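Worksheet: the structure to be examined is printed underneath.
Numbering (the numbering used here), first residue to last: 1 to 646.
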């Protein structure tokens, strides 16, 4: 086995050296030798070399800029490398034959491909997540995103970037001497354009072309439920291609008006109850506070804290319903968390990399949600976000979800800054001010920003909590800064609760973190300090998704241990605790909650964190119904809407 592996390495090494050598030699042909080989063929040899170099660069960046590790990756995943190279080469050929200028096409194509590679590398560092095609829907927000990450760049980083740019310019000037424009017959150029487009189409639409069989025979396995593994084993190019289909959800084979009405009517017959656990005399206010990057760092048992950073949260969770939210994201994509919380539809049923706020919500006039359900109960619905209103298209999305009003940083009354963003205390004051304006029961969905990364040392001034057990001083400074932000968020939570206690109207507060913070590069903090090892086991994957969940009320509530909960189930929980009418959809969801309280990627988990490996017949049927309903209401024709939400 070892001998075969070494022989494979030797053969591949010789082939790579030969390709580079012969191509480099061809680029330096003299005039006599040029007459032997057609000039157009020589140009395509140069493009071949460039494509090979860029393909190798992609792998080097993927394995943390280690050339040796890159070569090892190529030896183990040689077919993935070759298939990726073909895509890159086809792009070079396409651009060159469209433009007709050798040097210009080389520069444009190389710069674009290298920039994509660097963006993917940076996203992996800051978010622990690769670059998806759907990320380009957020390109209009780059002016706001860039300042968020600039604090991570030291002068050494900037120097390396400048040096790299200079090196590229010098290399370009050198190569320009040997590269001359070549007149190629228009017919040949057209043939090459069509050929390269055909190749790119076959790759991009691989599920419906011959490339699907090519991938299968080549050992390419797209791990769509684990995109980090998908990109790591297939490379950036194939990983990116596997996510090109921006359809957020595949149409079920048996989707039809007849079948959806049948499912809706079956649910109508089966779930007759329509009232929460105990109907209240007065309909309570309901508040969602989705706290940015709010997590409990004391769960890292290897670390010691000079004091509890979130004492108020811990106190209230002991006395009110509480547990752990299982976030569908890590380090970002906050909109996907609130998508689950507000709509009760699961990200686990959507394609990896989907951002429904960006891709599908605004295609509908109305999508059933908590706000639309509460408005039927006489509620006023308001959303507050202490940042820009256009991020994730919230300004348009909230209208489709049924909000009467949306206040962002440009219209908020309380805008005190703490660190780099509007403070959580200001958000608490904004919530109270909004409640005081309304005479009817009110639903408020508040999305905070105070603890958004980066957690640069000194951001909040003096850190009052000291942490021991960290060997890395940079990690220590980052975590202490983050923890100081948490401490202040915990105080803001206490302020909000104290104010709610003074309200005459009963009020229910749902407080939860949207996702774990991005600490270190590529989740390094969590690995270095023993929180996880490789995130491959279900328990570790769940650990990287757990954020605190508290359901507080200024009226009597049972002290329920909620355990692990997906945000899709917040709706039926609040309707029960608030004693409100529940439409058939939420009645169905209540039963699903009893069976499967957690859906994340391909995992089905009970409230105690135990993975449900063997689904019962009832669970399988309910999941299939839920999947059909989600497609119908989110993407399809909403055939079931009138029955389930009447």
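Each residue gets a CB set at the ideal place from its N, CA and C atoms; glycine is no exception. Keep in mind that this is a model prediction, so the values were computed, not measured.
* Asked: With burial defined as no fewer than 16 other Cβ atoms inside 10 Å of the residue's Cβ, what is the status of residue 440: buried or exposed?
  -> Indexing the chain shown from 1 puts residue 440 at position 440. Answer is exposed; the Cβ neighbour count stays below 16.
* So is residue 190 buried or exposed if we call it buried at 16+ other beta carbons inside 10 Å? -> One-based indexing of the chain shown puts residue 190 at position 190. Flag for residue 190 reads exposed.
* Who are the Cβ neighbours of residue 131 in its own chain at under 6 angstroms, not counting the five residues just before and after it? -> Counted from its first residue, the chain shown places residue 131 at position 131. 119, 120 and 123, listed in sequence order.
* Touch check for the stretch 287-301 and the stretch 436-454: three-plus C-beta pairs under 8 angstroms? -> yes
* For residue 490, I'd like the list of residues in its chain whose CB is within less than 6 angstroms of its CB, leaving aside the five on either flank, ordered along the chain. => The sequence position of residue 490 within the chain shown is 490, counting from 1. Excluding positions up to five away in sequence, the list reads 310, 312 and 313.
* Asked: By Cβ distance, which residues of its chain are closer than 7 angstroms to residue 472, with the 5 residues on each side in sequence left out?
  -> As a working note, residue 472 is residue 472 in the chain shown. Same-chain partners within the cutoff: 528.
* Asked: In whole angstroms, what is the alpha-carbon distance linking residue 404 and residue 342?
  -> Numbered from its first residue, the chain shown carries residue 404 at position 404. Numbered from its first residue, the chain shown carries residue 342 at position 342. Their backbone Cα atoms lie some 14 angstroms apart in a straight line.
* Bridge-paired residues (DSSP) for residue 290 -> Numbered from 1 along the chain shown, position 290 holds the residue referred to as residue 290. DSSP output for residue 290 lists 447 and 512 as bridge partner(s).
* In the structure shown, what three-state DSSP assignment does residue 625 receive? -> Counting from 1 along the chain shown, the entry for residue 625 is found at position 625. Three-state result, residue 625: helix.
* To do: Work out the CA separation of residue 360 and residue 634 for me, nearest whole Å.
  => By 1-based counting over the chain shown, the position of residue 634 is 634. By 1-based counting over the chain shown, the position of residue 360 is 360. Each residue's Cα considered, the two are about 8 angstroms apart.
* Asked: Since residue 409 contacts residue 386 with CB under 8 angstroms, what's their CB separation in whole angstroms?
  -> As a first step, residue 409 is located in the chain shown; it is residue number 409 there, counting from the start. As a first step, residue 386 is located in the chain shown; it is residue number 386 there, counting from the start. Indeed, because the Cβ distance is near 6 angstroms, the residues count as touching under 8 angstroms.
* Check whether the Cβ atoms of residue 578 and residue 284 lie closer than 8 angstroms to each other. => For the purposes of this step, residue 578 is identified with residue 578 of the chain shown, where counting begins at 1. For the purposes of this step, residue 284 is identified with residue 284 of the chain shown, where counting begins at 1. Closer than 8 angstroms, so yes.
* Identify, in the order they occur along the chain, each residue of the same chain with its Cβ nearer than 8 angstroms to the Cβ of residue 378, setting aside the five sequence neighbours on each side. => Along the chain shown, one-based indexing puts residue 378 at 378. Correct list, in chain order: 283, 440 and 441.
* In terms of residue numbering, what span does the alpha helix (DSSP H) encompassing residue 270 cover? -> Here residue 270 refers to the residue found at position 270 of the chain shown. It spans 257-270 - the alpha helix (DSSP H) in which residue 270 sits, taken as one unbroken run.
* Asked: When the distance is taken between beta carbons, is residue 77 closer than 8 angstroms to residue 47?
  -> On the chain shown, residue 47 is found 47 positions in, with the first residue counted as 1. On the chain shown, residue 77 is found 77 positions in, with the first residue counted as 1. No, Cβ-Cβ distance for residue 47 and residue 77 is not below 8 angstroms.
* Asked: Under a Cβ-count criterion, where at least 16 other Cβ atoms within 10 Å of its own Cβ denotes burial, should residue 115 be classed as buried or exposed?
  -> Here residue 115 refers to the residue found at position 115 of the chain shown. It counts as exposed.
* Asked: Leaving out the 5 sequence neighbours to the left and right, which residues in its chain are closer than 6 angstroms to residue 54 when beta-carbon positions are compared?
  -> Residue 54 sits at position 54 when you count from the first residue of the chain shown. Taken in chain order, the residues that qualify are 88 and 113.
* Mind the definition here: the stretch 448-467 touches the stretch 411-431 only if three or more C-beta pairs lie below 8 angstroms; say whether that holds. => yes
* Give me the Cα-Cα distance between residue 223 and residue 537, rounded to the nearest whole angstrom. => Taking the chain shown and counting its residues from 1, the one referred to as residue 223 is at position 223. Taking the chain shown and counting its residues from 1, the one referred to as residue 537 is at position 537. Their backbone Cα atoms lie some 15 angstroms apart in a straight line.
* Tell me residue 418's beta-bridge partners as DSSP assigns them. => Against the chain shown, residue 418 aligns to sequence position 418. According to DSSP, residue 418 bridges with 421.
* To do: Could you have a look at residue 387 and say whether DSSP puts it in helix, strand or coil?
  => Position 387 of the chain shown, counted from the start, is the residue given in the question as residue 387. The answer is coil: DSSP assigns residue 387 none of H, G, I, E or B.
* Buried or exposed (CB count within 10 angstroms, at least 16 for buried), residue 558 -> On the chain shown, residue 558 is found 558 positions in, with the first residue counted as 1. Residue 558 should be labelled exposed.
* **Between the CA atoms of residue 414 and residue 430 - distance to the nearest angstrom** => As a working note, residue 430 is residue 430 in the chain shown. As a working note, residue 414 is residue 414 in the chain shown. Each residue's alpha carbon lies about 6 angstroms from the other.
* Can you tell me whether residue 198 is buried or exposed, with buried defined as 16 or more other CB within 10 angstroms of its CB? -> As a first step, residue 198 must be located in the chain shown, where it is residue number 198. Answer is exposed; the Cβ neighbour count stays below 16.
* residue 467 bridges to which residues according to DSSP? -> Residue numbering aside, residue 467 sits at position 467 when the chain shown is read from its first letter. 305.
* Looking at residue 644 and residue 584, is the spacing between their C-beta atoms short of 8 angstroms? -> Position 584 of the chain shown, counting from 1, holds the residue named residue 584. Position 644 of the chain shown, counting from 1, holds the residue named residue 644. Result yes, Cβ atoms of residue 584 and residue 644 sit closer than 8 angstroms.
* Asked: Short check: CB of residue 331 to CB of residue 516, under 8 angstroms?
  -> Position 331 of the chain shown, counting from 1, holds the residue named residue 331. Position 516 of the chain shown, counting from 1, holds the residue named residue 516. Closer than 8 angstroms, so yes.
* To do: Starting from the Cα of residue 234, find the closest Cα among 304, 84, 629 and 641 and give me that residue.
  => By 1-based counting over the chain shown, the position of residue 234 is 234. With distances taken between Cα atoms, residue 234 lies closest to 84.
* To do: Identify every run of the alpha helix (DSSP H) within the stretch 197-248, keeping only runs that are complete inside it and at least 4 residues long; order them along the chain.
  => 211-217 and 227-241
* Asked: Which whole-angstrom value is the C-beta distance of residue 327 and residue 514, which I expect to be below 8 angstroms?
  -> Numbered from 1 along the chain shown, position 327 holds the residue referred to as residue 327. Numbered from 1 along the chain shown, position 514 holds the residue referred to as residue 514. The Cβ separation is near 6 angstroms, so the contact holds.
* Nearest to residue 351 (by Cα), restricted to the options 564, 373 and 602 -> Position 351 of the chain shown, counting from 1, holds the residue named residue 351. Considering only alpha carbons, the answer is 602.
* **Span of the beta strand (DSSP E), counted from its first residue to its last, around residue 605** => Along the chain shown, one-based indexing puts residue 605 at 605. Unbroken beta strand (DSSP E) run through residue 605: 603-605.
* For residue 405, three-class secondary structure by DSSP -> Along the chain shown, one-based indexing puts residue 405 at 405. Residue 405 falls in the strand class under three-state DSSP.
* residue 552 bridges to which residues according to DSSP? -> Here residue 552 refers to the residue found at position 552 of the chain shown. BP columns for residue 552 point to 509.
* Using DSSP with H/G/I as helix, E/B as strand and the rest coil, what is residue 382? -> Here the question's residue 382 lines up with position 382 in the chain shown. Three-state result, residue 382: strand.
* Separation of residue 555 from residue 345, as counted between CA atoms -> As a first step, residue 345 must be located in the chain shown, where it is residue number 345. As a first step, residue 555 must be located in the chain shown, where it is residue number 555. Taking the straight line from one Cα to the other gives about 29 angstroms.
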